[in-house]
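Numbering-wise, the sequence shown is residues -17 to -1, 1 to 377 according to mature numbering (1 follows the signal peptide of the UniProt record, and there is no 0). A virtual CB, placed ideally from N, CA and C, is assigned to each residue, including glycine. Here the structure is a predicted model, which is why all the values come from computation and not from measurement. Structure first, commentary second.
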Amino acid sequence: MKLTFLLSSLFLVSVDAGLRSSTETNLVVADDSNEVVYDDASNHRHELDTHHHQRILHHDGLARDAPSSRSLGSDPLLPGISISTRNDCSSNQRGVRIVIKTDQEGHETSWSFRRLSDSQADYLGPDDGGNYESSTTYSGTICAPIGMYQFIIKDSFRDGLCCASGSGYYSVEVQNENGSWRDAVKGNKFLGAKQHIVDVGRTESTMTDRDKAYLVAHNKRRMEWHAYYGKQYVPLKWSRGLKESSKEYADKLLAGCKGDDPKHDPYTIYGENLARNEGSGFWGQLYEPDDIVNRFVEREVGLPWAKNGHLTNVLWRATQYVGCAESETSYSVTKPNGHVVQHTCRIQVCRYAKPGNCSMGSYRRSNGIHDWVTPMLMDDSPCGPDCPPEGCYD
């Protein structure tokens, strides 16, 4: 079998070998000498400056006229539906739990939650003509049809829910198909308003079993490594747009199966990991996604940067989205003895937003070794784009 991995960008650094390593040896890693970073406004590669444009939308005049809307009350079970199991919502719905804790100026706080396809808010608060009490927690749980939603939290004094006026916060949790819950939105610092696009089961409902396996394979490693370094775990979200982009490039790479090792897309603005296996029988088998991500991560434990560039791409904490895809082709190969054998070539591509391995030249030490741990574990990094092709969502 020939199994090949290509790196999105390359650096040199000693690796902390405290995490598990792999004994597999059939890995070929492409080499590169240049740091490559991507700007979110261009398809061209270049050296990136350190200025980062934060994408936050502020809305100062949201109309609150929604005759059919319902507001959340101070009772945690009202006026939404109390949900304890997946079966409390229909198959085309997911549970959504909204919590608002006001600061010392509760009368300044308001919020709305609406489906993107609707013009009016499905839920909002406080009730028309009323105000929230100060330093009080309001919560409620609803069954919402699968789709994309907009959640907006507002503060009329434009100082958010924290700091000078006490420690308030807001959160939105979404129930998964299996009944578990995920933290979609959580915060307290904003100016006049903060908008979140919330995915209520839409992406999950379109994912295949292999999609889910790729996501699990990435996130279980992120959970382990982030905890190992004492950092809060940041899970990836699946992106249909990144999957589609990966699929297009995987299809393109099939043309080179009989030739040189696959090359990275020179025009992609996203982080990218590539792999390929080719051969007859066992060598051309369909590997499980966990095996592919194992080769991205465990196979590179103990290697210096940039030879561990797949590992850092997978674990980069500032990355929020991943999408992977595969392509395959079969063809006949004539051996020197004249026997004709059927070969299968499989390409695996994963893309990431925002991209990892960002501005690594800034972390090169005087001895030429790169510190890859510090940038990999940062809460944010300056390379864009922040969002996948379909836009950012929580």
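- Asp182 sits in a strand when the DSSP states are folded into three classes.
- Asp192 counts as exposed, since fewer than 16 other beta carbons sit within 10 angstroms of its beta carbon.
- Taking 8 angstroms as the cut-off, the Cβ atoms of Asn296 and Asn340 count as close.
- Around the beta carbon of Asn202, 16 or more other beta carbons sit within 10 angstroms, so the residue counts as buried.
- By the 16-neighbour rule on beta-carbons within 10 angstroms, Gly306 is buried.
- In this structure, the straight-line span from the alpha carbon of Glu227 to that of Lys235 is close to 13 angstroms.
- For Pro358, the enclosing alpha helix (DSSP H) begins and ends at Val356 to Leu360.
- Taking the CA atoms as reference points, Asp166 sits about 17 angstroms from Gln76.
- Within 10 angstroms of the beta-carbon of Ala210 lie fewer than 16 other beta-carbons, which makes it exposed.
- Cβ-Cβ separation between Val183 and Ile129: approximately 6 angstroms, consistent with a contact (criterion under 8 angstroms).
- DSSP, reduced to helix, strand and coil, places Gly170 within a strand of the structure shown.
- DSSP lists Tyr314 as the bridge partner or partners of His326.
- Taking 8 angstroms as the cut-off, the beta carbon of Tyr216 is found closer than this to the beta carbon of Met206.
- The beta carbon of Glu271 sits closer than 7 angstroms to those of Ala196, all from its chain and outside the five residues before and after it, given in chain order.
- Using a 10 angstroms sphere on the CB of Val280, the tally of other CB atoms reaches 16 or more, which defines it as buried.
- Inter-segment contact for the region 98 to 108 and the region 137 to 157 is absent: fewer than three beta-carbon pairs are separated by less than 8 angstroms.
- According to the DSSP assignment, Asp138 belongs to the beta strand (DSSP E) that extends over Gly130 to Asp138.
- Sequence-distant Cβ neighbours of Pro218 in its own chain, meaning closer than 6 angstroms and more than five residues away, are Asn202.
- Your pair Ile180 and Asp377 checks out as a contact, with CB atoms roughly 7 angstroms apart and the cut at 8 angstroms.
- Glu91 has its alpha-carbon roughly 12 angstroms from the corresponding atom of Gly151.
- Under the three-state reduction of DSSP, Glu156 is assigned to strand.
- Contact between the region 361 to 371 and the region 327 to 345 is present, with at least three C-beta pairs closer than 8 angstroms.
- Within the same chain, and ignoring the five residues on either side of Arg347 in sequence, the residues whose Cβ sits closer than 6 angstroms to its Cβ are His353.
- DSSP, reduced to helix, strand and coil, places Asn320 outside both helices and strands of the structure shown, so it counts as coil.
- About 5 angstroms separates the beta carbon of Ile135 from that of Gln178, a gap short enough to meet the 8 angstroms contact definition.
- Looking at Ser122, Gly262 and Ala127, the one whose alpha-carbon comes closest to that of Val323 is Gly262.
- Ser150: not part of any beta strand (DSSP E); DSSP gives it neither H nor E.
- The beta-carbon distance between Met343 and Trp299, rounded to whole angstroms, is 11 angstroms. This is too long to meet the 8 angstroms contact definition.
- Per DSSP, reduced to three states, the secondary structure at Val276 is helical.
- CA-CA distance, Lys246 to Ser95, rounds to 47 angstroms.
- Nearest to Ala200 by C-alpha distance, out of Asp273, Gly239, Asp86 and Ala301, is Asp273.
- Listed in chain order, the non-local C-beta contacts of Ala308 below 7 angstroms within the same chain comprise Lys226, Ser229, Lys230, Ala233 and Val332, local neighbours out to five positions each way being set aside.
- By the 16-neighbour rule on beta-carbons within 10 angstroms, Lys137 is buried.
- Rounded to whole angstroms, the gap between the alpha carbons of Tyr212 and Ala258 is 27 angstroms.
- A buried status is given to Thr124, since no fewer than 16 other beta-carbon atoms sit within 10 Å of its beta-carbon.
- For Lys230, the three-state secondary structure derived from DSSP is helix.
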